[in-house]
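Peer 1: Residue numbering for the sequence shown follows my numbering, beginning at 0 and increasing consecutively.
Using N, Cα and C, we set each Cβ at its ideal position, and we do this for glycine too.
My questions will all concern the structure given below.
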Amino acid sequence: MTNYMSCIEERDHVFLFNSMVGGGIVFDRAIMQYLDHSAQDYRCVYLKNSCPEGVKKLLFEKGLLNTYPSRRINETVSETNTDKEKAKMIGSLRLTLTNNCNCVCEYCYVDREYHDKNFLSEKDSCYFIERIIKMGGNSKYVIRFFGGEPMLYMDTISNVIKYCNEKLNDMSFEYIINTNLQTVTNSFFEIVTKPNVKVVVSLDSVKEINDVYRRSLVADSYYDTTVANLRKITKENANYVVAAVVTNMNRKSIQQFLELLVKNGVKNVGLNCARMSGEDILSFDEELVNDLYSAYIWGVNNGINVSGYWMLPFERIFTGSDGFYCGGLGFELDLRPDRKIYSCVGAKKPIGSLDKIEEIFSGDDYRRIGQRKAGNIKECSDCYINGLCAGECACNAEYKTGNYWGIDKNQCFFHQSLTEKLIKYHILSADRIEHG
Ligand code: SF4
Ligand code: SF4
Ligand code: SF4
């Protein structure tokens, strides 16, 4: 029978948790005598028959002995859902306003042409938002302005927000603007001070490294311009996070970078590993585990919140898992300048178009999203963070293996090892973890 109990040991303690849905308890080391460690991944454990009834009862009540993926996982994005139910899963609408950008970055993911005239119109953006709201019927949505550089179309951003606030005023919206902060206008400052607006600022590293890989077409230094504008939005009390792409080139300078961010008043930074790229751009090795772990600990000790996608499996021990790696695929739709609709930011193939928007949830392309979830990915079944990682990024898996249901095995050691380190840290600091 499938078992979802996993175990991490640290000094005098043992942390047992449910690897499919989350939830866990710290025990004294004495419990080890009742655990069978013979599974392929030594961190997956079974309870021996000799385990006292009281302990069994506690584990059962805390859900650690569950042998099924949970209703939450079964009922999220599912191929058997009706189109209405599928549309209801969508909580985030990404408007990729343009592929154009005022920068040239070495590993830009966008097939970008600076003079490409394609951009998403205000009319199409509003139509998309209204139709999806009508189909899904939720009362809350995240609207994300993305690019290229979306601020090249600041009027569209302002007008879409105005439209949502005035015409859809019975709804609640959170707006996110992803930007390189190379050019900021008065209308941007008017928007960023609103409480439901968040800015995600792309900046990778200290100046000497950042400016080699990220080059501005409108300023001498990408780094200087972005940092100067960061200071301005900090002064305006804007809600923002700095988003850095971690590569082999900047990973050794993360702490230096964090120090600079703290000096400039930055409170939140996301360190996201370069994906859909080769080993020469980022190797998912032990050093990377240590670099990100050290960055996290440095952040805890120096008042800056350091996170990234690599935190997700660990976080889900406490928040629970819905069976998907990210909050994108299955929960987001991405409308791009060609008026085609994609299932998430990394998807290479559209699942539909704005002209036939009512067909997006009934097609085969959307159906497969519901299948790639925890419990269905064969290669993950022996992993101690099975449902918490849920097969990692689906787009990267397809890019690397050519198989949507495959996994990028290079990342498994990284996720497994980093999650183990984070658990050990929290056991020792007795933080967040329940003791049984
Ligand atoms: S700022 Fe972003 S969109 Fe622009 S070139 Fe760099 S990575 Fe690409
Ligand atoms: S599947 Fe991958 S690219 Fe798509 S939203 Fe999730 S993490 Fe991002
Ligand atoms: S992708 Fe790798 S680390 Fe993630 S659940 Fe699957 S086997 Fe585990």
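How big is the Cα-Cα spacing for residue 6 and residue 131?
Peer 2: If I take the Cα positions, the gap works out to 42 angstroms.
Peer 1: Over the uninterrupted beta strand (DSSP E) stretch that includes residue 220, give me the two end residues.
Peer 2: Taken as a continuous stretch (DSSP letters only), residue 220 belongs to no beta strand (DSSP E), as it is neither H nor E.
Peer 1: Less than 6 angstroms between C-beta atoms, sequence neighbours within five positions excluded: which residues of the same chain meet that for residue 117?
Peer 2: Excluding positions up to five away in sequence, the list reads 336.
Peer 1: Using the Cα positions of residue 148 and residue 32, report the straight-line distance between them to the nearest angstrom.
Peer 2: Approximately 57 angstroms between the Cα atoms of the pair.
Peer 1: Given a threshold of 16 other Cβ atoms within 10 Å of its Cβ, counted over all protein chains shown, does residue 324 qualify as buried or as exposed?
Peer 2: Residue 324 is buried by the Cβ-count criterion.
Peer 1: Could you name each continuous alpha helix (DSSP H) segment of 4 residues or more that falls completely within the stretch 145–215, going from the start of the chain to the end?
Peer 2: Listed in chain order, the complete alpha helix (DSSP H) runs (minimum 4 residues) inside the stretch 145–215 are 153–166, 185–191, 206–212.
Peer 1: Could you say which of 420, 376, 351, 381 lies nearest to residue 402 if we only look at CA atoms?
Peer 2: The residue with the shortest Cα to Cα distance from residue 402 is 376.
Peer 1: If you count every other CB in all the chains shown that lies within 10 Å of the CB of residue 209, and 16 or more means buried, which is it?
Peer 2: Buried is the call here.
Peer 1: Is there at least one non-hydrogen atom of ligand 2 closer than 7 angstroms to the beta-carbon of residue 328?
Peer 2: Result yes, Cβ under 7 angstroms from ligand 2.
Peer 1: Can you tell me the Cα-Cα spacing of residue 172 and residue 224, whole angstroms?
Peer 2: When rounded, the distance between both Cα atoms is 30 angstroms.
Peer 1: Output needed for residue 358: all residues of its chain with C-beta closer than 7 angstroms, excluding positions within five of it in sequence on either side, in chain order.
Peer 2: Once the five neighbours on either side are set aside, the close Cβ partners of residue 358 are 351.
Peer 1: Under the DSSP definition of a beta bridge, which residues are partnered with residue 242?
Peer 2: Residue 242 pairs with 201, 269.
Peer 1: Cβ-heavy atom distance between residue 322 and ligand 5 below 7 angstroms?
Peer 2: Ligands in the displayed structure: ligand 1, ligand 2 and ligand 3; ligand 5 is not one of them.
Peer 1: Report yes if the CB atom of residue 386 is closer than 8 angstroms to the CB atom of residue 72, and no otherwise.
Peer 2: Result yes, Cβ atoms of residue 386 and residue 72 sit closer than 8 angstroms.
Peer 1: Suppose the cutoff is 8 angstroms on Cβ atoms and the five residues either side in sequence are ignored; what does the same chain contact list for residue 400 look like?
Peer 2: Correct list, in chain order: 406, 407.
Peer 1: Just the C-alpha distance for residue 34 and residue 8, rounded to the nearest angstrom, thanks.
Peer 2: Using only the alpha carbons, I get a separation of about 12 angstroms.
Peer 1: Where does residue 82 sit, in a helix, a strand or coil, going by DSSP?
Peer 2: In the structure shown, residue 82 sits in a helix (DSSP, three-state: H, G or I).
Peer 1: With a threshold of 7 angstroms (Cβ to nearest heavy atom), would residue 345 be considered close to ligand 1?
Peer 2: Incorrect: residue 345 has no Cβ contact closer than 7 angstroms to ligand 1.
Peer 1: Identify the continuous alpha helix (DSSP H) that holds residue 421 and give its terminal residues.
Peer 2: 409–427 is the span of the alpha helix (DSSP H), which, as asked, contains residue 421.
Peer 1: Looking only at its chain, what residues have a beta carbon closer than 7 angstroms to the beta carbon of residue 78, apart from the 5 residues adjacent to it on each side?
Peer 2: Same-chain partners within the cutoff: 366, 369, 370.
Peer 1: Who are residue 12's beta bridge partners in DSSP?
Peer 2: Answer by DSSP bridge pairing, in chain order: 9, 27.
Peer 1: Which same chain residues end up closer than 6 angstroms to residue 47 when comparing Cβ atoms and leaving out the 5 residues on each side of it in sequence?
Peer 2: Around residue 47: 33, 35.
Peer 1: So, does the stretch 81–94 touch the stretch 307–318, judging by three or more C-beta pairs under 8 angstroms?
Peer 2: Not touching, per the Cβ criterion.
Peer 1: When the Cα atoms are used, what is the spatial distance from residue 412 to residue 190?
Peer 2: Distance between the alpha carbons of residue 412 and residue 190: 42 angstroms.
Peer 1: Grab the span of the alpha helix (DSSP H) containing residue 300 for me, first residue to last.
Peer 2: 285–301 is the span of the alpha helix (DSSP H), which, as asked, contains residue 300.
Peer 1: Tell me the rounded alpha-carbon separation between residue 297 and residue 143.
Peer 2: Their backbone Cα atoms lie some 30 angstroms apart in a straight line.
Peer 1: If you run the structure through DSSP and keep just helix, strand and coil, what is residue 43?
Peer 2: Note: residue 43 maps to strand in three-state DSSP.
Peer 1: Taking just the CA atoms, how far does residue 160 sit from residue 183?
Peer 2: One C-alpha to the other measures close to 17 angstroms.
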